[in-house]
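Heads up: the sequence shown begins at 1 in full-length UniProt numbering, then just goes up one per residue. For every residue, glycine included, the Cβ atom is placed at its ideal position computed from N, Cα and C. Source: prediction; values computed, not measured. I have placed the structure first, in the form of structure tokens, so that the comments after it can refer back to it.
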Amino acid sequence: MWVVAAARKVQSFFPLDNAGALGWMAGMEIDVIIEAPEWREAGLEALALWAAKALAEHLGLGAGCEAVVLGCDDARITTLNGDFRDKAAPTNVLSWPSEDRDPNGSPPAGEELGDVAIAFQTCAREAADQGKPFSDHVTHLLVHGILHLLGYDHMCEKEAAEMERIEVEILAKLGVADPY
Numbered sequence: 001m002w003v004v005a006a007a008r009k010v011q012s013f014f015p016l017d018n019a020g021a022l023g024w025m026a027g028m029e030i031d032v033i034i035e036a037p038e039w040r041e042a043g044l045e046a047l048a049l050w051a052a053k054a055l056a057e058h059l060g061l062g063a064g065c066e067a068v069v070l071g072c073d074d075a076r077i078t079t080l081n082g083d084f085r086d087k088a089a090p091t092n093v094l095s096w097p098s099e100d101r102d103p104n105g106s107p108p109a110g111e112e113l114g115d116v117a118i119a120f121q122t123c124a125r126e127a128a129d130q131g132k133p134f135s136d137h138v139t140h141l142l143v144h145g146i147l148h149l150l151g152y153d154h155m156c157e158k159e160a161a162e163m164e165r166i167e168v169e170i171l172a173k174l175g176v177a178d179p180y
């Protein structure tokens with residue numbers, strides 16, 4: 001059910017090529033690793049490509065920037081959160097930039113941006129609790145996670161407002177309602 005909705009959203013944003021595969025993503029390449037099988041049915045790969053394309057176009061990223069998205073479960077993200085943030089609890093999304101970046105800069109073409117992990121059960125629970133379509137919530141969290149790879153943060157009010165503004169602009173282009 002989720003994969004059909006995700007595929008329809010992706011196809012409405014940009015057409016599939018003749019082979020039925022998604023074409024080259026302007027400014028960004030995304031490798032999606034599926035650890036939790038629920039993500040395959042949910043269409044994580046299509047959602048990640050869709051979010052990355054919109055983000056790259058919005059920010060004018062140079063060709064060939066790369067990121068990895070790991071679709072995992074709550075157990076895995078709890079371990080990652082404990083190992084890297086000393087918070088042994090599930091969370092929706094984690095990001096590991098490959099280096100510190102200035103959000104006002106643009107990474108050079110071919111730059112490896114870093115990794116994003118997203119937890120299926122937490123995302124599903126949050127979407128249900130907030131009355132949002134699952135695919136919209138996941139798309140928002142992917143945009144949020146990739147923005148972290150580009151140096152955006154929400155540690156202070158000014159930074160949070162800027163990051164949220166960019167997220168809302170990107171999501172609006174995708175037909176996703178303001179998540180805030």
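Query, Result
"Proximity winner among 125, 123, 126 and 80, relative to residue 115 (alpha-carbon distances)", "80"
"Close-in-space but distant-in-sequence residues of the same chain around residue 137 (CB under 8 Å, 5 per side omitted)", "123, 126, 127, 130 and 179"
"Residue 98 versus residue 112 - alpha carbon distance", "7 Å"
"contact_flag[the segment 83 to 99, the segment 43 to 54] where n(CB pairs < 8 Å) is 3 or more", "no"
"Cutoff 6 Å; reference residue 142; Cβ partners in own chain excluding five residues on either side", "48 and 51"
"Three-state class that DSSP yields for residue 117 in the structure shown", "strand"
"Contact under 9 Å by Cβ, residue 64 with residue 28", "yes"
"Cβ-based burial, residue 158 [other Cβ within 10 Å; buried from 16]", "exposed"
"Sub-9 Å separation of residue 181 and residue 41 beta-carbons", "There is no way to answer for residue 181, as the model of the chain reaches only from 1 to 180."
"DSSP state of residue 28 mapped onto helix, strand, coil", "strand"
"Cutoff 7 Å; reference residue 169; Cβ partners in own chain excluding five residues on either side", "58"
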